[in-house]
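According to this note's numbering, the sequence shown is numbered sequentially starting from 3. Where a beta carbon is used, it is the ideal one built from N, C-alpha and C, also for glycine. Quick caveat, the model's predicted, so the values are computed rather than measured. Report on the following structure.
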Amino acid sequence: MPGSNMRTYLGAVALLVAERNQWRHLPGLLQPGRWIWRQRTVKYSSTGRSNITKVLIANRGEIACRVIRTARKMGMQSVAVYSEADWNSMHVEMADEAYSIGPAASQQSYLSMEKIIQVAKVSASQAIHPGYGFLSENTEFAELCKQEGLIFIGPPSSVIRDMGIKSTSKAIMSAAGVPIIEGYHGEDQSDQYLKEQAGRIGYPIMIKAVRGGGGKGMRIAKSEEEFQEQLESARREARKSFSDDAVLLEKFVHTPRHVEVQVFGDQHGNAVYLFERDCSVQRRHQKIIEEAPGPGIDPEIRRKLGEAAVKAAKAVNYVGAGTVEFIMDSNHNFFFMEMNTRLQVEHPVTEMITGTDLVEWQLRIAAGEKLPLSQEEIRLKGHAFEARIYAEDPQNNFMPGAGPLVHLSTPLPGPSVRIETGVRQGDEVSVHYDPMIAKLVVWAADRQAALKKLQYSLHQYNITGLNTNIDFLLSLSRHPEFEAGNVHTDFIPQHSHDLLPPPSATAKEVLCQAALGLLLQEKVMTNAFRLQTEGVFQNCTSLPHLIDQFSPFASSSGRRLNFSHTRNVTLQDGKNKVAVAVKYNRDGSYSMQIEDKTFEVLGDLCNEGDCTYLKCSVNGVVSKPKLIILENIIYLFSMGGSAQIGIPMPKYLSSASTEGIQGSTLAPMTGTIEKVFVKAGDRVKTGDTLMVMIAMKMEHTIKSPKDGTIKKVLFKEGSQASRHAALIEFVEEKSDEAESKLNPGRRSDDK
Numbered sequence: 003m004p005g006s007n008m009r010t011y012l013g014a015v016a017l018l019v020a021e022r023n024q025w026r027h028l029p030g031l032l033q034p035g036r037w038i039w040r041q042r043t044v045k046y047s048s049t050g051r052s053n054i055t056k057v058l059i060a061n062r063g064e065i066a067c068r069v070i071r072t073a074r075k076m077g078m079q080s081v082a083v084y085s086e087a088d089w090n091s092m093h094v095e096m097a098d099e100a101y102s103i104g105p106a107a108s109q110q111s112y113l114s115m116e117k118i119i120q121v122a123k124v125s126a127s128q129a130i131h132p133g134y135g136f137l138s139e140n141t142e143f144a145e146l147c148k149q150e151g152l153i154f155i156g157p158p159s160s161v162i163r164d165m166g167i168k169s170t171s172k173a174i175m176s177a178a179g180v181p182i183i184e185g186y187h188g189e190d191q192s193d194q195y196l197k198e199q200a201g202r203i204g205y206p207i208m209i210k211a212v213r214g215g216g217g218k219g220m221r222i223a224k225s226e227e228e229f230q231e232q233l234e235s236a237r238r239e240a241r242k243s244f245s246d247d248a249v250l251l252e253k254f255v256h257t258p259r260h261v262e263v264q265v266f267g268d269q270h271g272n273a274v275y276l277f278e279r280d281c282s283v284q285r286r287h288q289k290i291i292e293e294a295p296g297p298g299i300d301p302e303i304r305r306k307l308g309e310a311a312v313k314a315a316k317a318v319n320y321v322g323a324g325t326v327e328f329i330m331d332s333n334h335n336f337f338f339m340e341m342n343t344r345l346q347v348e349h350p351v352t353e354m355i356t357g358t359d360l361v362e363w364q365l366r367i368a369a370g371e372k373l374p375l376s377q378e379e380i381r382l383k384g385h386a387f388e389a390r391i392y393a394e395d396p397q398n399n400f401m402p403g404a405g406p407l408v409h410l411s412t413p414l415p416g417p418s419v420r421i422e423t424g425v426r427q428g429d430e431v432s433v434h435y436d437p438m439i440a441k442l443v444v445w446a447a448d449r450q451a452a453l454k455k456l457q458y459s460l461h462q463y464n465i466t467g468l469n470t471n472i473d474f475l476l477s478l479s480r481h482p483e484f485e486a487g488n489v490h491t492d493f494i495p496q497h498s499h500d501l502l503p504p505p506s507a508t509a510k511e512v513l514c515q516a517a518l519g520l521l522l523q524e525k526v527m528t529n530a531f532r533l534q535t536e537g538v539f540q541n542c543t544s545l546p547h548l549i550d551q552f553s554p555f556a557s558s559s560g561r562r563l564n565f566s567h568t569r570n571v572t573l574q575d576g577k578n579k580v581a582v583a584v585k586y587n588r589d590g591s592y593s594m595q596i597e598d599k600t601f602e603v604l605g606d607l608c609n610e611g612d613c614t615y616l617k618c619s620v621n622g623v624v625s626k627p628k629l630i631i632l633e634n635i636i637y638l639f640s641m642g643g644s645a646q647i648g649i650p651m652p653k654y655l656s657s658a659s660t661e662g663i664q665g666s667t668l669a670p671m672t673g674t675i676e677k678v679f680v681k682a683g684d685r686v687k688t689g690d691t692l693m694v695m696i697a698m699k700m701e702h703t704i705k706s707p708k709d710g711t712i713k714k715v716l717f718k719e720g721s722q723a724s725r726h727a728a729l730i731e732f733v734e735e736k737s738d739e740a741e742s743k744l745n746p747g748r749r750s751d752d753k
């Protein structure tokens with residue numbers, strides 16, 4: 003390779019960078035964005051049949067970062083792939099090599115088997131780690147890897163196939179003596195026959211896609227009347243997610259627990275279990291918080307669960323990491339649900355209680371080694387929780403979100419606190435992929451101590467720029483029933499009134515904190531502007547963007563603090579404007595009046611690292627919330643939770659009219675219109691289904707907000723709709739009140 007095209011750095015770490023023009027013979031989408039090789043002092047050498055020195059991670063986000071860390075620890079080189087949306091992502095930055103594989107759409111990038119195989123060949127990777135999701139449980143991909151001489155880090159393709167078809171997996175488990183639940187797993191998929199089987203089993207019925215996973219293609223029919231609607235919805239989502247709309251039926255178990263067992267098998271016929279995880283607390287049939295071991299599960303039940311899981315693994319000659327999922331009733335009877343033939347999202351809680359690195363186990367077993375530990379050597383110690391932090395709106399049926407992480411600060415990681423993430427401050431949660439931001443994992447000696455650590459760490463996880471579920475996770479972790487370990491899959495719906503209370507007015511004390519933060523920030527900005535205008539900072543760049551002469555903070559009129567005066571501050575609390583009368587006292591404190599109550603307020607700003615805190619006293623109660631002011635929003639983060647207080651825009655800046663959307667149904671987020679059920683002229687009632695959207699890999703039903711007549715359908719099936727775009731227009735109809743004004747002599751009950 004010509005020296006002019008190569009830069010070599012000698013030293014403890016050697017870097018070899020190949021310029022883009024060395025790769026012009028490759029298809030454009032496979033040209034690496036960066037190709038770096040790091041020579042490390044530690045080399046991994048398998049004692050088995052294969053020597054893996056370079057592994058390609060066919061995934062993105064936090065799981066790609068997770069695999070890269072272990073590969074680095076073992077002295078393996080890592081190869082990343084990325085879509086156009088992920089070109090500047092964290093996993094690309096961490097990897098030794100990174101290759102572009104196409105557009106943002108998963109079908110054209112992370113689900114493109116041919117592109118990923120080609121990258122593996124070009125990069126001389128010996129193995130492919132699929133992570134979870136995407137191609138991790140794709141039979142065809144596992145088989146293709148084998149044909150191309152690549153090690154697929156997972157079980158054989160035949161196992162993925164058999165366990166991926168739920169009807170087949172249940173038949174295998176039944177034959178192996180693993181308990182299964184009553185249901186229908188047959189070939190006849192006609193609507194009428196499925197309805198008959200549902201009647202035989204008895205309602206309520208769980209409808210599941212046979213190739214399902216992650217809550218996709220799963221619906222509950224509570225009665226015969228709603229069976230058809232739920233069946234069609236499950237099929238649509240299954241078809242979109244798995245290209246297969248076949249379903250199975252199961253008797254729905256009331257208030258069940260979702261308990262799963264981590265298993266591992268090697269190529270020498272050995273299999274072990276690493277105890278159970280409880281993943282019962284879910285929303286939209288998707289896990290949101292997990293723990294290990296399961297609360298209230300005694301050693302005898304734990305042993306039976308583990309032995310049943312190993313029996314399931316041996317029934318299919320399982321190799322690698324797998325999870326056997328069970329439904330458990332209130333009497334601790336358990337029934338096989340499915341087997342996930344990959345590493346689970348929640349695997350860190352198992353690592354925390356067993357002191358293992360399950361990704362390292364995967365890599366060693368894939369190289370042909372025996373299991374690192376025997377069953378007798380695997381010990382359970384302590385308790386661990388994992389909380390999944392999502393970009394979503396719990397108050398809006400957990401609607402997934404997307405957008406920039408304008409501010410991101412986390413708890414301090416350590417041996418008992420792990421943060422598994424694939425994003426940094428300034429990154430964007432993309433509309434194209436799952437909205438998970440991070441996994442917060444904590445460990446302590448017992449469940450109570452671990453739960454306290456989880457709560458404390460959640461308080462320290464602060465994000466602005468988009469909605470998250472952090473406050474919801476806090477409410478969940480503090481609920482008395484959760485603290486008692488009384489968990490089940492209906493936990494969130496059953497306790498929704500406690501967990502998701504209707505929005506209420508922010509406490510006046512918090513509004514005083516917001517006003518104080520605004521005033522103190524204003525003081526800082528005003529002083530900075532004055533110093534700038536006096537030339538003190540002419541050659542200083544320490545205050546870049548803070549000293550804008552057009553900022554409202556740059557004006558000092560009426561804001562001098564050397565004498566007592568009063569001013570009015572207006573804050574936006576949800577939909578309500580709040581007037582705060584602020585009296586500046588001579589001693590630097592403030593008297594703030596909200597409605598008929600007066601508060602004595604004193605405080606100052608203090609910086610700790612990159613964060614600003616508001617050290618304040620409100621009527622003698624001292625607190626120190628984190629303060630962030632971005633655009634027209636004041637964010638306060640404290641041990642009591644978080645608050646967002648708006649700063650209303652002046653009327654002359656908020657002239658954008660909402661006319662034209664008042665009679666419309668809006669898209670809750672950017673997505674694809676999957677199905678349209680209405681047309682112009684149709685009469686609909688409140689709650690009728692108008693459309694179905696696919697966004698963030700989920701199906702979202704758009705329902706009519708009112709009774710009315712459809713004027714126009716603005717999007718057709720298959721088209722893309724942006725967030726807040728008008729989807730359907732209604733015919734404007736006069737209200738009864740308006741009609742009575744126009745016809746004062748007419749009674750509302752006239753025929």
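- Rounded to the nearest angstrom, the gap between the Cα atoms of THR412 and GLN462 is 6 Å.
- The Cβ atoms of ASN342 and GLY215 sit closer than 9 Å to each other.
- By the criterion of a C-beta distance shorter than 7 Å, GLY576 is surrounded in its chain by PRO505, once the five residues flanking it on both sides are discounted.
- The closest CA to that of PHE154, considering only GLU145, GLY219, SER706, is found on GLU145.
- Cβ-Cβ separation between ALA728 and THR672: approximately 14 Å, too far for a contact (criterion under 8 Å).
- In terms of Cβ geometry, LYS253 and GLY166 do not form a close pair [threshold 9 Å].
- In the displayed model, SER619 falls within a strand according to three-state DSSP.
- Comparing alpha-carbon positions, the option among ILE712, GLU719, ILE704 lying closest to HIS726 turns out to be ILE704.
- Residue burial annotation: GLU278 is buried, with at least 16 other C-beta atoms found within 10 angstroms of its C-beta.
- Distance from the CA of GLY590 to the CA of THR568, rounded to the nearest whole angstrom, comes to 13 Å.
- Per DSSP, TYR275 is one residue of the beta strand (DSSP E) stretching across 273 to 280.
- One Cα belongs to ARG221, the other to ASP331, and the distance between them is close to 20 Å.
- By the C-beta criterion, the region 521 to 533 is judged not to be in contact with the region 297 to 304, since fewer than 3 inter-stretch pairs fall below 8 Å.
- Judged by DSSP in its simplified three-state form, ARG381 adopts coil rather than helix or strand.
- By the Cβ test, the region 381 to 394 is in contact with the region 447 to 460, since at least three Cβ pairs between them sit closer than 8 Å.
- ASP190 and LYS197 have their C-alpha atoms some 11 Å from each other.
- Put simply, of CYS281, SER619, GLU633, ASN464 the residue whose alpha carbon is nearest the alpha carbon of ALA393 is ASN464.
- One Cα belongs to ALA223, the other to ILE472, and the distance between them is close to 31 Å.
- Annotated three-state conformation of GLN264 is strand, per DSSP.
- In the displayed model, TYR392 falls within a strand according to three-state DSSP.
- Contact annotation, GLY63 with HIS93: C-beta distance approximately 7 Å; criterion of less than 8 Å satisfied.
- By the beta-carbon neighbour count (other beta carbons within 10 angstroms, threshold 16), LYS148 is exposed.
- Counting along the chain, the unbroken alpha helix (DSSP H) around GLY201 starts and ends at 193 to 203.
- If you ignore the 5 residues before and after PRO396, its C-beta comes within less than 7 Å of the C-beta of ASN471, PHE474, LEU502, all in its own chain and listed in chain order.
- For ARG569, the enclosing beta strand (DSSP E) starts and ends at 567 to 575.
- Collapsing the DSSP output to three states places ARG221 in a strand.
- Using a 10 angstroms sphere on the CB of LEU632, the tally of other CB atoms stays under 16, which defines it as exposed.
- Here DSSP, grouped into helix, strand and coil, assigns ALA369 to coil.
- Here SER114 is buried: its Cβ has 16 or more other Cβ atoms, across all protein chains shown, within 10 Å.
- Fully contained in the region 45 to 86 are the following alpha helix (DSSP H) runs of length 4 or more, in chain order: 63 to 75.
- Contact between HIS434 and ALA107 holds: CB atoms are separated by about 7 Å, below the 8 Å threshold.
- The shortest C-alpha to C-alpha distance from ALA87 to any of ILE636, THR466, GLU430 is the one to GLU430.
- Under the three-state reduction of DSSP output, SER332 falls in the coil class, being neither helix nor strand.
- Put simply, of MET438, GLY403, GLU388, LEU410 the residue whose alpha carbon is nearest the alpha carbon of ARG420 is GLU388.
- Looking from the CA of MET695, the closest CA among PRO402, ALA682, SER127 belongs to PRO402.
- In the three-state reduction of the DSSP assignment, TYR637 falls in the strand class, which pools E and B.
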